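Data first, discussion second: the structure below is written as structure tokens.
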Amino acid sequence: MSRPVRNLLLANGATLAAALLLEWDAGWLLWPYWIQSVVIGWYARRRMLALVRFSTEGFTSNGRRVPEDESGKRSTANFFALHYGFFHVGYLVFLFDRHPVGEWRDAAVLLACGVSFVLSQRATYAAQHASDHKGRPNLGALMFTPYLRVVPMHLAILLGAQSTGPWMLLVFTLLKTASDVLLDIVDRRIAERSALRAAAGGAR
Numbered sequence: 059m060s061r062p063v064r065n066l067l068l069a070n071g072a073t074l075a076a077a078l079l080l081e082w083d084a085g086w087l088l089w090p091y092w093i094q095s096v097v098i099g100w101y102a103r104r105r106m107l108a109l110v111r112f113s114t115e116g117f118t119s120n121g122r123r124v125p126e127d128e129s130g131k132r133s134t135a136n137f138f139a140l141h142y143g144f145f146h147v148g149y150l151v152f153l154f155d156r157h158p159v160g161e162w163r164d165a166a167v168l169l170a171c172g173v174s175f176v177l178s179q180r181a182t183y184a185a186q187h188a189s190d191h192k193g194r195p196n197l198g199a200l201m202f203t204p205y206l207r208v209v210p211m212h213l214a215i216l217l218g219a220q221s222t223g224p225w226m227l228l229v230f231t232l233l234k235t236a237s238d239v240l241l242d243i244v245d246r247r248i249a250e251r252s253a254l255r256a257a258a259g260g261a262r
């Protein structure tokens, strides 16, 4: 098991433990989910901006291929931040309306969850950046991959965010954790394949 996956399991396990201890309903889990998703988005933009060599094969904007230069990289990262950020502002409004944070202990737990997610994602980012530096990842793939995090949030709402009981908390946490691990695997495979292609090209 890789260190990023282990950190994801620990962070989500700690979130579930806090939810059970504080007797949150399933809808309250959307708060730590939202925080984690924002952290992922911030690191995703940072990862795109840190690219030195990258490909835009199959990635177009306004009918034209995104240029493989600094302007293409920055415009993509900024578009991602705007679109991804707007989406999460909408979720934030929903959360404040349906699940307002009224007690200091809940706010403190959410802050602790945020810190754990930052530490977990920082380790993931370090591994991703090292692989990116060796290869030539596709900028479009890097931009779209973080949206996998949004799926469990949608499903949680559709399945009934007002549900109560430890079983619902467990189900939603397992759903989110599965998405986290899947995204981590996808991220690493994209970076590893890019590094292998770059190495093969350099060997010719």
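Residue 68 in this note's numbering sits at position 10 of the sequence shown; the count goes up by one each step and never skips.
We treat Cβ as the ideally placed atom computed from N, Cα and C, and that holds for glycine.
Quantities reported herein were computed from a predicted structural model and do not represent experimental measurements.
9 Å Cβ cutoff, A84 in contact with chain B: Any reference to chain B falls outside this structure, which holds one protein chain only.
Quick one: Cα of A261 to Cα of E250, how far? As a position in the sequence shown, residue 261 is number 203, starting the count at 1. As a position in the sequence shown, residue 250 is number 192, starting the count at 1. Note that A261 scores 46 on pLDDT, short of 50, meaning its location in the model is unreliable and no value can be drawn from it.
Delimiting residues of the alpha helix (DSSP H) encompassing H191: Here residue 191 refers to the residue found at position 133 when the sequence shown is read from its first residue. Where H191 is concerned, the enclosing alpha helix (DSSP H) stretches over W162 to K192.
Alpha carbon to alpha carbon, what distance is there between E81 and M226? Within the sequence shown, numbered from 1, the residue matching residue 226 stands at position 168. Within the sequence shown, numbered from 1, the residue matching residue 81 stands at position 23. Whole-angstrom Cα-Cα distance: 12 Å.
Hey, L304 and R105 are a contact pair by Cβ (cut 8 Å); roughly how many whole angstroms apart? Past the edges of the chain, shown from 59 to 262, lies residue 304, and the structure says nothing about it.
Going by alpha carbons, who is nearest to S119 out of A185, V239, G130 and V208? What you label residue 119 is simply residue 61 of the sequence shown in a count that begins at 1. Out of A185, V239, G130 and V208, G130 has the C-alpha closest to the C-alpha of S119.
Quick one: Cα of R111 to Cα of V124, how far? Here residue 111 refers to the residue found at position 53 when the sequence shown is read from its first residue. Here residue 124 refers to the residue found at position 66 when the sequence shown is read from its first residue. R111 and V124: Cα-Cα distance of roughly 14 Å.
Whether or not the segment 177 to 188 and the segment 64 to 76 are in contact is what I'm after, with contact meaning three or more pairs of Cβ atoms, one per stretch, closer than 8 Å; do they touch? yes
By DSSP, does D245 sit in helix, in strand, or in coil? Taking the first residue of the sequence shown as position 1, residue 245 is located at position 187. Note: D245 maps to helix in three-state DSSP.
How many Å lie between V173 and Q94 at the Cα? Along the sequence shown, read from residue 1 onward, the residue named residue 173 stands at position 115. Along the sequence shown, read from residue 1 onward, the residue named residue 94 stands at position 36. Taking the straight line from one Cα to the other gives about 9 Å.
Does the separation of the CB atoms of V97 and V176 fall below 9 Å? For the purposes of this step, residue 97 is taken as residue 39 along the sequence shown, with counting starting at 1. For the purposes of this step, residue 176 is taken as residue 118 along the sequence shown, with counting starting at 1. By the CB criterion at 9 Å, V97 and V176 fall inside the cutoff.
Taking the continuous alpha helix (DSSP H) assigned at F138, which residues delimit it? Translated into the one-based positions of the sequence shown, residue 138 becomes position 80. Its alpha helix (DSSP H) spans residues E128 to R156.
Put T118 into one of helix, strand or coil per three-state DSSP. Locating residue 118 in the sequence shown gives position 60, where the first residue counts as 1. Here T118 carries a strand assignment [DSSP, helix/strand/coil].
State the DSSP-derived secondary structure class of R266, mapped to helix, strand or coil. Past the boundaries of the shown model lies residue 266; the chain is included only from 59 to 262, so the question cannot be answered.
Taking the alpha helix (DSSP H) that A199 belongs to, which residues open and close that run? Indexing the sequence shown from 1 puts residue 199 at position 141. Here the alpha helix (DSSP H) through A199 covers L197 to F202.
C-alpha distance - A135 paired with A76, whole-angstrom precision: One-based indexing of the sequence shown puts residue 135 at position 77. One-based indexing of the sequence shown puts residue 76 at position 18. So the two alpha carbons sit approximately 34 Å from each other.
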